[in-house]
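Residue numbers (this note's numbering), protein chains in the order written: chain A, 6 to 213; chain B, 24 to 163.
These notes are about the structure you will find just below.
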Amino acid sequence: MDQSNLLVNSDYPFDKIVYMDSGSFTIPAFGFNDESIPNPLTFTPLMMGTWSLDPSFDVSYDLGTLFSSFINTGIEANPTDIIIRTNNSTSSSVTFYYRIFGFEPSNSNQTAQYTASVADDFILNTDYNYSKLFDADVISANTTVEHDQGHRVQVLVWVQNGDTITFKPHSDVDITSNNVTAEVTDSSVIFSFYSTSALIHYRIYLDR
Amino acid sequence: MKPESFISTTDYATLKNDDFGIVQVTFPGGQFFSPGQEMTVTNTIDVGTINAGMRPRIAASRSGNRFYVCSSFSGRRVGWTDGAPPPEVTYTIRAALVRISPTTLEARVSVRNLLSGNLATQAIDEVFTFEVPTFLSPFV
Chain A
6 MDQSNLLVNS
16 DYPFDKIVYM
26 DSGSFTIPAF
36 GFNDESIPNP
46 LTFTPLMMGT
56 WSLDPSFDVS
66 YDLGTLFSSF
76 INTGIEANPT
86 DIIIRTNNST
96 SSSVTFYYRI
106 FGFEPSNSNQ
116 TAQYTASVAD
126 DFILNTDYNY
136 SKLFDADVIS
146 ANTTVEHDQG
156 HRVQVLVWVQ
166 NGDTITFKPH
176 SDVDITSNNV
186 TAEVTDSSVI
196 FSFYSTSALI
206 HYRIYLDR
Chain B
24 MKPESFISTT
34 DYATLKNDDF
44 GIVQVTFPGG
54 QFFSPGQEMT
64 VTNTIDVGTI
74 NAGMRPRIAA
84 SRSGNRFYVC
94 SSFSGRRVGW
104 TDGAPPPEVT
114 YTIRAALVRI
124 SPTTLEARVS
134 VRNLLSGNLA
144 TQAIDEVFTF
154 EVPTFLSPFV
């Protein structure tokens with residue numbers, strides 16, 4: 006059976022969001038803003054999120070993805086701070102709205118604050134198909150994870166350098182130093198390291 | 024106990040799958056660029072509900088059609104610049120997914136000539152395939 010078709014699967018855990026925040030700040034024209042938010046957790050979370058130039062978030066973008074080459078963004082975390090990095094190449098200052106959330110790394114065994122009360126209204130809603138976590142780990146060398154689903158699956162990747170963990174939405178496939186890549190096939194996920202001492206935190210889902 | 028010790032827990036927000044779409048962009052081969060010139064080819068796809076995030080994968084036909092986990096992709100290609108015979112040079116081809124409306128994504132592939140001379144690319148078209156699963160964050 007294609008596991009993607011199941012709304013939930015008790016063989017595989019739901020994602021647990023252990024941190025959520027939203028807010029806004031200004032990025033100057035032709036400038037940048039590295040917005041630091043104190044990390045309230047006892048571990049460094051795996052962060053990701055969305056941003057918008059509109060408080061309604063009707064048009065929103067994923068942190069770390071390109072936006073017309075005008076505003077570049079990234080998100081990272083360390084033991085003391087969560088940092089949203091922005092760079093504005095336009096001739097006008099912009100108000101940058103963000104919604105961020107994070108997961109606990111697989112190599113952490115800490116408890117975490119509850120987040121259900123600040124999220125959407127339902128804990129479980131059969132109108133939705135929920136992400137089914139197949140595997141999560143942190144690795145330091147080339148690794149192939151077999152999932153055998155018969156279709157390419159969803160994967161999230163973060164790169165850790167020192168004590169900083171950065172969400173990695175970009176892939177530079179021909180760089181042979183200081184680089185990591187993640188490739189997905191119908192049966193496996195292949196993580197590759199190129200002359201780097203970085204770590205990869207990954208989350209692999211059963212979903213297509 | 025850490026949250027991940029549980030299959031499901033009512034204490035933590037979670038993520039929901041939303042939609043799935045595929046879009047392709049063909050970057051034509053045999054292009055000629057003057058210094059500083061850039062060419063971008065685009066295609067759009069309607070996928071996902073308002074505020075949905077994405078977990079995309081991108082494959083390039085000249086990178087073995089291997090799907091990489093990313094929303095933007097860079098690859099190195101061989102072309103030629105001025106000279107007789109024209110020497111080989113390396114240039115970068117970039118692919119990215121950009122949201123242009125609440126439910127529409129634009130897939131973009133671009134090459135920019137950063138050389139001080141002209142750039143000629145190989146004659147073979149290159150096809151980029153973007154697979155776009157979308158998801159709903161705990162804010163939605």
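Note that the Cβ used here is the ideal one computed from N, Cα and C, for glycine as well.
Give the straight-line distance between the Cα atoms of residue i and residue j, rounded to the nearest whole angstrom.
i        : j        : result
A/Met35  : A/Tyr66  : The residue you asked about is not Met; residue 35 of chain A is Phe in the sequence shown. Approximately 20 Å, taken between the alpha carbons.
A/Tyr103 : A/Ser193 : 33 Å
B/Thr144 : A/Ile195 : 30 Å
B/Pro58  : B/Pro51  : 19 Å
A/Gly54  : B/Pro109 : 46 Å
B/Ala36  : A/Phe139 : 18 Å
B/Glu61  : B/Thr115 : 11 Å
B/Gly102 : B/Leu142 : 7 Å
A/Gln115 : A/Pro18  : 17 Å
B/Val134 : B/Ser94  : 17 Å
A/Asn92  : A/Ser41  : 14 Å
A/Phe62  : A/Ile144 : 35 Å
A/Arg213 : A/Leu51  : 22 Å
B/Thr49  : A/Ser176 : 19 Å
B/Asn66  : A/Ser197 : 30 Å
A/Val64  : A/Leu204 : 33 Å
B/Ala130 : B/Ala82  : 12 Å
B/Leu38  : B/Pro161 : 6 Å
B/Asn40  : A/Asp20  : 11 Å
A/Ile170 : A/Asn83  : 6 Å
B/Thr63  : A/Leu58  : 24 Å
B/Asp105 : A/Ser182 : 29 Å
A/Tyr24  : A/Phe172 : 15 Å
Comparing C-alpha positions only, which one of the options sits nearest to residue i?
i        : options                                   : result
B/Thr127 : B/Leu142, B/Ile68, B/Phe158 and B/Gly76   : B/Ile68
A/Ile87  : A/Thr55, A/Ser57 and A/Leu46              : A/Leu46
A/Tyr207 : A/Trp56, A/Leu68, A/Phe101 and A/Trp163   : A/Trp163
B/Phe90  : A/Ala141, A/Asn184 and A/Val178           : A/Val178
B/Val121 : B/Thr113, B/Val132 and B/Val112           : B/Val132
A/Thr190 : A/Ser200, A/Val160, A/Lys21 and A/Tyr24   : A/Val160
A/Pro33  : A/Asp212, A/Ser97 and A/Ile22             : A/Ser97
B/Ala146 : B/Phe55, B/Asp105 and B/Pro79             : B/Phe55
B/Gln47  : B/Leu138, B/Ala118 and B/Asn40            : B/Ala118
A/Trp56  : A/Ala82, A/Gln165, A/Pro18 and A/Phe101   : A/Phe101
B/Asn88  : B/Ser94, B/Arg80 and B/Ser95              : B/Arg80
B/Ser124 : B/Ser160, B/Val92 and B/Thr72             : B/Thr72
A/Thr70  : A/Pro174, A/Lys21 and A/Tyr119            : A/Pro174
A/Phe106 : B/Ile45, B/Leu159 and B/Asn40             : B/Leu159
B/Phe96  : B/Phe151, B/Thr104, B/Gly53 and B/Lys39   : B/Phe151
B/Val112 : B/Leu137, B/Lys39 and B/Phe43             : B/Leu137
B/Gly44  : B/Met77, B/Thr65, B/Gly53 and B/Val64     : B/Met77
A/Tyr199 : A/Tyr210, A/Val158 and A/Thr148           : A/Thr148
A/Ile89  : A/Thr95, A/Asn83 and A/Gly79              : A/Gly79
B/Ser86  : A/Phe62, A/Ala203, A/Ile180 and A/Ser202  : A/Ile180
A/Ile209 : A/Ala187, A/Ser29 and A/Asp168            : A/Ala187
A/Leu211 : A/Asn183, A/Glu151, A/Pro43 and A/Leu68   : A/Glu151
A/Val185 : A/Thr201, A/Phe172 and A/Thr171           : A/Thr201
A/Val99  : A/Tyr119, A/Asn38, A/Thr169 and A/Thr171  : A/Asn38
A/Asn112 : A/Phe48, A/Thr169 and A/Asp20             : A/Phe48
A/Glu81  : A/Asn166, A/Asn183, A/Ser176 and A/Ser182 : A/Asn166
A/Asp26  : A/Val158, A/Ser94, A/Phe108 and A/Thr95   : A/Phe108
A/Val158 : B/Gly53, B/Val92 and B/Ala107             : B/Val92
Determine the burial state of residue i: buried for a count of at least 16 other Cβ atoms within 10 Å of its Cβ, exposed for fewer.
i        : result
B/Arg99  : exposed
A/Thr85  : exposed
A/Asp153 : exposed
B/Phe148 : A small fix is needed here, since residue 148 of chain B is Asp in this sequence, not Phe. Classification for B/Asp148: exposed.
A/Pro110 : buried
B/Glu154 : buried
A/Ile22  : buried
A/Thr31  : exposed
B/Pro156 : buried
A/Ser136 : buried
A/Pro60  : exposed
A/Ala117 : buried
A/Ser29  : exposed
B/Ser139 : exposed
A/Phe75  : exposed
B/Ala75  : buried
A/Ala146 : exposed
A/Thr95  : exposed
Got a sec: does the ligand NAP put a non-hydrogen atom nearer than 6 Å to the Cβ of residue i?
i       : result
B/Thr65 : Summarising the ligand content, the structure contains no ligands, and the ligand NAP is consequently not present.
I'd like to know whether the C-beta of residue i is nearer than 7 Å to at least one C-beta of chain C.
i        : result
A/Ser176 : No chain C appears in the structure shown, which is made up of the protein chains A and B.
Completely contained beta strand (DSSP E) runs for the region 10-83 of chain A, where each covers 3 or more residues: Restricted to the region 10-83 of chain A, the beta strand (DSSP E) segments that are unbroken, complete and at least 3 residues in length are 24-32, 36-43, 51-57 and 76-82, listed in chain order.
Every unbroken alpha helix (DSSP H) inside the region 86-118 of chain A [4 residues or more]: Listed in chain order, there is nothing to give.
Completely contained beta strand (DSSP E) runs for the region 56-104 of chain B, where each covers 3 or more residues: For the region 56-104 of chain B, whole beta strand (DSSP E) runs of length 3 or above, ordered along the chain, are 61-69, 80-83, 90-92 and 95-103.
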